[in-house]
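So the sequence lines, in the order shown, correspond to chains A and B.
Residue numbers for the first sequence follow the working numbering, beginning at 138 and rising by one.
Residue numbers for the second sequence follow the working numbering, beginning at 5 and rising by one.
Here a beta-carbon is modelled for each residue, glycine too, at the ideal position from N, C-alpha and C.
Since the model is a prediction, treat every value here as computed from it, not as a measurement.
Scroll down for the structure; my scribbles are underneath it.
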Amino acid sequence: MESAFSTADLSAIWLTFKLAAVVTAILLLVGTPIAWWLARTRSWWKGPVGAVVALPIVLPPTVIGFYLLVAMGPSGSIGHFTQALGIGLLPFTFAGLVIASVLYSLPFVVQPLQNAFEAIPERALETAATLRASALDTFFSVALPLAKPGFLTASVLGFAHTVGEFGVVLMIGGNIPDKTRVVSVQIYDHVEAMEYASAHWLSAGMVVFAFVVLLALYTLNPTGKRK
Amino acid sequence: MIQARFDLSYPGFELHAEFQVFAHGVIGLFGPSGSGKTTLLRCIAGLERRVDGMLQVKDEVWQDGANRLPVHRRPLSYVFQEASLFPHLSVRQNLEYGLKRIPPEQRRVQLEQAIEWLGLNKLIGRASPAGLSGGERQRVAIARALLTSPRLLLMDEPLSALDAASKREILPYLERLHGELDIPVIYVSHALDEVARLADQLVLMEQGRVIASGALNEMLGRLDLPTAHLDEAGSVIEARVGAHDEEYHLTRLDFSGGSLWASKVERAIGSVVRARVLARDVSIATAMPHCSSISNILEARIDGIQDEGPDRVSLRLAVGVRQMLLARITRRSRDQLGLAPGMAVFAQVKSVALMV
Numbered sequence: 138m139e140s141a142f143s144t145a146d147l148s149a150i151w152l153t154f155k156l157a158a159v160v161t162a163i164l165l166l167v168g169t170p171i172a173w174w175l176a177r178t179r180s181w182w183k184g185p186v187g188a189v190v191a192l193p194i195v196l197p198p199t200v201i202g203f204y205l206l207v208a209m210g211p212s213g214s215i216g217h218f219t220q221a222l223g224i225g226l227l228p229f230t231f232a233g234l235v236i237a238s239v240l241y242s243l244p245f246v247v248q249p250l251q252n253a254f255e256a257i258p259e260r261a262l263e264t265a266a267t268l269r270a271s272a273l274d275t276f277f278s279v280a281l282p283l284a285k286p287g288f289l290t291a292s293v294l295g296f297a298h299t300v301g302e303f304g305v306v307l308m309i310g311g312n313i314p315d316k317t318r319v320v321s322v323q324i325y326d327h328v329e330a331m332e333y334a335s336a337h338w339l340s341a342g343m344v345v346f347a348f349v350v351l352l353a354l355y356t357l358n359p360t361g362k363r364k
Numbered sequence: 005m006i007q008a009r010f011d012l013s014y015p016g017f018e019l020h021a022e023f024q025v026f027a028h029g030v031i032g033l034f035g036p037s038g039s040g041k042t043t044l045l046r047c048i049a050g051l052e053r054r055v056d057g058m059l060q061v062k063d064e065v066w067q068d069g070a071n072r073l074p075v076h077r078r079p080l081s082y083v084f085q086e087a088s089l090f091p092h093l094s095v096r097q098n099l100e101y102g103l104k105r106i107p108p109e110q111r112r113v114q115l116e117q118a119i120e121w122l123g124l125n126k127l128i129g130r131a132s133p134a135g136l137s138g139g140e141r142q143r144v145a146i147a148r149a150l151l152t153s154p155r156l157l158l159m160d161e162p163l164s165a166l167d168a169a170s171k172r173e174i175l176p177y178l179e180r181l182h183g184e185l186d187i188p189v190i191y192v193s194h195a196l197d198e199v200a201r202l203a204d205q206l207v208l209m210e211q212g213r214v215i216a217s218g219a220l221n222e223m224l225g226r227l228d229l230p231t232a233h234l235d236e237a238g239s240v241i242e243a244r245v246g247a248h249d250e251e252y253h254l255t256r257l258d259f260s261g262g263s264l265w266a267s268k269v270e271r272a273i274g275s276v277v278r279a280r281v282l283a284r285d286v287s288i289a290t291a292m293p294h295c296s297s298i299s300n301i302l303e304a305r306i307d308g309i310q311d312e313g314p315d316r317v318s319l320r321l322a323v324g325v326r327q328m329l330l331a332r333i334t335r336r337s338r339d340q341l342g343l344a345p346g347m348a349v350f351a352q353v354k355s356v357a358l359m360v
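Okay, structure coming up:
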């Protein structure tokens with residue numbers, strides 16, 4: 138047997154990791170304030186916002202992909218905006234894939250963070266305030282360190298979920314080598330071309346990856362572990 | 005002065021509290037559970053959001069109507085009922101948390117001082133507060149609070165979550181701070197004993213309102229206040245150590261109303277101590293008793309009498325200069341002795357508890 142992975146396979150693997158890394162970084166930046174707000178607010182909006190964030194868990198990826206495709210297209214609102222900025226249109230580009238993946242994986246980052254923030258006792262934040270820490274200072278010096286396990290879970294789930302997406306990528310990114318062809322799409326191509334051996338190699342790789350990631354999550358993260 | 009007025013209402017609870025006290029020493033905030041002591045303390049700290057009112061500490065206005073200085077901008081410290089140490093920081097980092105946020109030129113309490121005052125030498129090296137006992141945790145919390153060099157220290161029943169041994173362990177530290185620091189302390193408690201031991205002024209609360217405030221001695225001696233009718237009602241005497249009786253293991257305490265003998269304490273002659281005399285430990289004689297096991301006899305004048313249920317009465321006695329004693333006797337004794345306000349009597353003090 139020749140090399141297990143073809144050049145196209147390796148390119149897809151590299152692209153998948155790049156996408157997942159960029160998306161995870163953006164998700165942590167975007168998801169943290171959303172999760173903090175959801176965990177602390179007493180506003181009426183908590184319910185609706187929480188539901189919108191959770192939508193991707195329930196909706197078929199094709200539905201999200203479809204609406205994003207329309208919105209990012211030439212007559213969509215995002216499309217108008219990106220064209221006005223001179224970026225052009227986002228569908229079938231890496232940037233478009235990033236935006237779609239961020240939306241698609243958002244609940245997998247927001248929810249663990251929200252749970253971690255909700256577990257922080259109000260008293261810890263009040264104590265910090267009486268020790269002269271401003272709200273922002275308290276967030277960084279008390280809330281973030283106490284929510285560390287939540288951040289670990291959120292990063293792993295966000296990363297893994299992005300690696301595992303298929304439907305949204307196909308709707309938004311199509312199947313352009315080196316630009317939008319990620320591992321899941323590459324496997325689909327192999328199967329369509331009846332290249333079962335190649336499909337096996339990539340699929341088995343995904344299974345091993347998923348297992349290792351989840352194993353790491355459950356062993357490293359002490360949340361909920363009883364002594 | 006500390007002047008405060010707060011209005012706050014939750015479903016099922018209303019606070020309308022107004023008081024004015026001198027901004028020095030320990031101010032005891034005393035009342036039954038549910039009377040709003042903690043809520044009032046949280047209002048002072050700025051931790052209650054929907055509160056209307058006014059707060060002035062010395063010459064600084066911390067709140068005026070809806071204008072509130074945020075908590076972290078108020079030069080105060082708060083010791084909660086549970087120590088609330090940060091679990092992700094070491095003991096030293098916990099202590100330094102507030103200290104680091106105070107500009108160096110405003111620091112009046114140094115780390116070494118706080119460590120020494122609260123006896124933290126053996127704990128300072130701990131990597132986490134997790135293994136500390138309740139008393140140790142509370143000592144770290146108090147030191148951490150002091151290290152922000154507060155201009156007002158708020159303490160919310162800091163001993164109530166502790167067992168009796170931890171309480172005994174911490175009380176001397178608190179008394180020592182009282183002596184060494186010139187920071188006004190508002191100390192919430194529902195234990196009259198603790199308040200009598202630590203406070204100089206008293207603010208009394210009942211059902212969300214302040215019903216009286218003033219100097220501890222005066223307040224404890226007032227028959228119109230609920231404090232005079234509690235089981236542990238009594239008065240506090242500031243006295244000077246006059247002599248030690250080594251043979252019988254006793255110490256003589258001198259004050260303007262005379263002398264009292266108490267169990268011996270290791271204090272130098274001349275030092276000032278606080279003694280507590282419970283109302284139920286004071287009995288009355290109309291003539292100087294000669295053959296009695298009670299050797300503490302003070303000349304007193306009856307200042308007020310109030311019925312205390314069907315069988316007992318409370319007496320307010322003036323002894324010495326502006327010193328009050330409470331006595332609780334049976335109604336029959338009062339009638340048999342013909343006690344009435346203005347009468348000169350002898351107060352026999354069965355037991356004196358020294359607060360050292």
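Asked, Found
"In whole angstroms, what separates the C-alpha of alanine 347(A) from that of alanine 297(A)?", "7 Å"
"Do you know offhand how far asparagine 358(A)'s Cα is from arginine 280(B)'s?", "55 Å"
"I'd like to confirm the pairing. Which residues does DSSP put opposite glutamate 312(B) in its beta bridges?", "Arg316(B)"
"Give the C-beta separation of leucine 307(A) and glycine 202(A) to the nearest angstrom, bearing in mind that I take them to be a contact with Cβ-Cβ under 8 Å.", "7 Å"
"Less than 7 Å between C-beta atoms, sequence neighbours within five positions excluded: which residues of the same chain meet that for valine 325(B)?", "Ser260"
"Restricting to Cα atoms, I'd like to know which of Val113(B), Asp228(B), Pro176(B), Ser239(B) is closest to alanine 147(B).", "Val113(B)"
"Any residues in the stretch 260-287 of chain A with a beta carbon nearer than 9 Å to a beta carbon of chain B? Which ones, in chain order?", "Arg260, Ala261, Glu263, Thr264, Ala265, Ala266, Thr267, Leu268, Arg269, Ala270, Ser271, Ala272, Asp274, Thr275, Ser278, Val279, Pro282, Leu283, Lys285"
"Would you list, in chain order, the members of the stretch 123-139 of chain B that have their beta-carbon closer than 7 Å to a beta-carbon of chain A?", "none"
"Could you tell me the alpha carbon to alpha carbon distance between glycine 274(B) and proline 74(B), rounded to whole angstroms?", "46 Å"
"Look at the Cβ atom of aspartate 197(B), then the Cβ atom of glutamate 250(B), and state whether they are nearer than 8 Å.", "no"
"Could you give the distance in angstroms between the alpha-carbon of leucine 222(A) and the alpha-carbon of glycine 216(A)?", "10 Å"
"Quick one: Cα of leucine 127(B) to Cα of serine 137(B), how far?", "11 Å"
"Nearest chain A C-beta to leucine 321(B) closer than 8 Å, yes or no?", "no"
"Taking C-beta pairs closer than 9 Å, name the residues in chain A that isoleucine 106(B) reaches, listed in chain order.", "Arg269"
"So the candidates are Pro188(B), Leu181(B), Gly38(B), Leu151(B); which of them puts its Cα closest to the Cα of alanine 116(B)?", "Note that residue 116(B) is glutamate in the sequence shown, not alanine. Selected option, being the one with the closest Cα: Leu151(B)."
"Let me know if asparagine 300(B) comes out buried or exposed under the rule of 16 or more other beta-carbons within 10 Å of its beta-carbon.", "buried"
"Inspect the beta-carbon positions of glutamate 52(B) and leucine 12(B) and report whether they are closer than 8 Å.", "yes"
"Between the alpha carbons of threonine 153(A) and glutamate 329(A), how many angstroms are there, rounded?", "20 Å"
"For my contact list, serine 321(A) and threonine 161(A) are in at a C-beta cut-off of 8 Å; report their separation, rounded to the angstrom.", "The Cβ separation is near 17 Å, so there is no contact."
"Going by beta-carbon coordinates alone, are leucine 268(A) and tyrosine 191(B) separated by less than 8 Å?", "no"
"I need the DSSP call for isoleucine 298(B), collapsed to helix, strand or coil.", "coil"
"Give the residues of chain A in contact with histidine 76(B), contact being defined as C-beta atoms less than 7 Å apart.", "Ala266, Arg269, Ala270, Ser271"
"Taking Cβ-Cβ distances shorter than 8 Å, what residues in chain A pair up with leucine 80(B)?", "Thr267"
"Where in the stretch 58-143 of chain B do unbroken runs of the beta strand (DSSP E), each at least 3 residues long, occur, reported from the N-terminal end onward?", "64-68, 80-83"
"Output yes if chain A places a C-beta closer than 8 Å to the C-beta of threonine 152(B); else output no.", "yes"
"Any idea which residues DSSP pairs tryptophan 265(B) with across the strands?", "Arg256(B)"
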